[in-house]
Amino acid sequence: MGLATKPKSSFKLTILLAIIGAMIGLLLLILSFYCFKRTVQEKRGLIFYTEDHSYHCEAIDKFISFMNKSKCKLEVAARLVKGGDPLRLSLEIQKSDFIILVYSKALHKRIQAWKSNQDYINFLKEDNSALLTVSLLKELKASKKLIICKFPQAPNSGISSEFPSVKCYTLTKELNLLIQQIHRTGVDQDLAILVKSNKLNHKFNSLTNTIKNAATFEENSSYWFEDKYICPKKMESLNEMPDYTEKFLVDGCEHSIYSIPISYMFEQINVDNDTIA
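Using the UniProt record's numbering, read the sequence shown as starting at 1 and increasing by one per residue.
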């Protein structure tokens, strides 16, 4: 009997030691995270982006929330600078520790239009999109604080040519590297602990899910960009164009002439012509 009970006692002791070890490990992780919070200074940054679609904007909101937990406080530039005041914007750029530009399909298309002296009118109706201009991108590059971030579905073409000396990070795959660049050197171990802690946090999972939702939407809606932004117009014509107030009813909702698909506009024109005839 004595020989039979000895292995059982040894097994119970092993389990007890394993539980104690796990608790000590968890305690050390919490203490390390707490020390990181106290020793690593918070960095303040600005974020610029185009409002491609609601899923894209939701993913950016989750990204901002996650970064704020990582001692990288992100301010949405368009909310700080109402009306796009260039002097205030330049001041905010100077004050910031880093600047993030989210590269997406819409921004890619818009940059291509700029090269032909064109733009899409619906970008000008969105606060975040309207803030972005050719001159602002030049200022952001010159600041030496610019970092490019992209979601996996965003096109790779154009980034290296438009921003040759700017680092680009794909989210969430290179999130750890992004945080390390923002905090510079000397805190790699602490940052690894922080990101590991954040991965256990629901914010990381929430960010990952919203990015997947955005990718799924773009994959299933091949013409989402054309439906939303229609086609580009010459810069001069946009400057001379008055606010268009005429509204169309589509599926019971009001839309301006610039926010509905061109195919629907032509269909409506044909219906009106048939009625007159």
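All C-beta atoms, glycine included, are put in the ideal place defined by N, C-alpha and C.
Worksheet item: According to the Cβ coordinates, are asparagine 64 and leucine 74 closer than 7 Å?
Response: The sequence given here places isoleucine at residue 64; asparagine does not occur at that position. In contact: isoleucine 64 and leucine 74 (Cβ atoms closer than 7 Å).
Worksheet item: When you compare each of Leu131, Lys69, Leu91 to lysine 82 by their alpha carbons, which one comes out closest?
Response: Taking only the C-alpha atoms, the option nearest lysine 82 is Leu131.
Item to complete: Taking 8 Å as the threshold, find out whether the stretch 44-58 comes into contact with the stretch 87-100 through three or more Cβ pairs.
Response: yes
Practice prompt. Return the first residue and the last residue of the beta strand (DSSP E) that glutamate 75 is part of.
Written response: That run of the beta strand (DSSP E) goes 72-76.
Worksheet item: Hey, how far is the Cα of glutamate 174 from the Cα of alanine 77?
Response: 23 Å
Worksheet item: What whole-angstrom Cβ distance do cysteine 149 and leucine 178 have, given they're in contact under 8 Å?
Response: 7 Å
Worksheet item: How far does the alpha helix (DSSP H) with tyrosine 55 in it reach, from first residue to last?
Response: 54-69
Worksheet item: Nearest CA to the CA of glutamate 236: which residue from Tyr120, Thr216, Leu13?
Response: Tyr120
Fill in: Buried versus exposed, by CB contacts within 10 Å (16 or more), cysteine 253
Residue placement at cysteine 253 cannot be trusted, given a pLDDT of 45 that sits under 50; what the coordinates show is reported in the next sentence. Result: exposed.
Discussion item. Rounded to the nearest angstrom, what separates serine 165 and isoleucine 147 at their Cα positions?
Written reply: 10 Å
Worksheet item: For the putative contact between lysine 105 and proline 155, defined by C-beta atoms under 8 Å, what is the C-beta separation to the nearest angstrom?
Response: At roughly 6 Å, the Cβ-Cβ gap stays under 8 Å, so lysine 105 and proline 155 are in contact.
Item to complete: Could you tell me how far apart the beta carbons of glutamate 139 and serine 206 are, in whole angstroms, since I believe they sit closer than 8 Å?
Response: Not quite, the Cβ-Cβ distance comes to about 33 Å (not below 8 Å), so this is no contact.
Fill in: The alpha helix (DSSP H) enclosing tyrosine 169, as first and last residue numbers
That residue, tyrosine 169, is in no alpha helix (DSSP H); its beta strand (DSSP E) goes 168-170.
Discussion item. Considering only their Cβ atoms, is the gap separating glutamate 51 from asparagine 128 smaller than 7 Å?
Written reply: yes
Item to complete: Along the beta strand (DSSP E) that carries phenylalanine 151, what are the first and last residues, could you check?
Response: Run containing phenylalanine 151: none; DSSP gives neither H nor E here.
Worksheet item: Can you tell me the Cα-Cα spacing of lysine 62 and glutamine 181, whole angstroms?
Response: 20 Å
Practice prompt. Inspect the beta-carbon positions of phenylalanine 217 and tyrosine 55 and report whether they are closer than 7 Å.
Written response: Less than 7 Å separates the beta-carbon of phenylalanine 217 from that of tyrosine 55.
Discussion item. Does isoleucine 269 pass the burial test, meaning 16 or more other C-beta atoms within 10 Å, or should it be called exposed?
Written reply: Note on isoleucine 269: pLDDT 47, under 50, position unreliable in the model; the coordinate value appears next. When all chains shown are included, isoleucine 269 counts as exposed.
Item to complete: Work out the CA separation of leucine 28 and glutamate 162 for me, nearest whole Å.
Response: 45 Å
Worksheet item: Residue range of the beta strand (DSSP E) that arginine 44 falls in?
Response: 43-48
Discussion item. My output table needs one value for lysine 203: the three-state DSSP class, helix, strand or coil.
Written reply: Under the three-state reduction of DSSP output, lysine 203 falls in the helix class.
Worksheet item: What separation, rounded to the nearest whole angstrom, lies between the Cα atoms of arginine 79 and glutamate 226?
Response: If I take the Cα positions, the gap works out to 27 Å.
Discussion item. With a threshold of 6 Å on Cβ separation, who are the neighbours of aspartate 251 within its own chain once the five nearest residues in sequence on each side are excluded?
Written reply: Residue placement at aspartate 251 is poorly supported in this model, since its pLDDT is 44, which falls under 50; the coordinates still yield a value, given next. Excluding residues within five positions, none has a Cβ falling inside 6 Å.
Worksheet item: CB-CB under 8 Å to glutamate 219, same chain, minus the five flanking residues each way: which ones, in chain order?
Response: Gln153
Fill in: Residue from Met67, Trp114, Ile93 with nearest C-alpha to lysine 234
With respect to the C-alpha of lysine 234, the residue from Met67, Trp114, Ile93 having the closest C-alpha is Trp114.
Item to complete: Return the first residue and the last residue of the alpha helix (DSSP H) that valine 102 is part of.
Response: From DSSP, valine 102 is part of no alpha helix (DSSP H) but of the beta strand (DSSP E) over 98-103.
Discussion item. On the DSSP bridge list, what partners appear for lysine 138?
Written reply: Residue pairing of lysine 138 in beta bridges, as defined by DSSP: absent, with no partner found.
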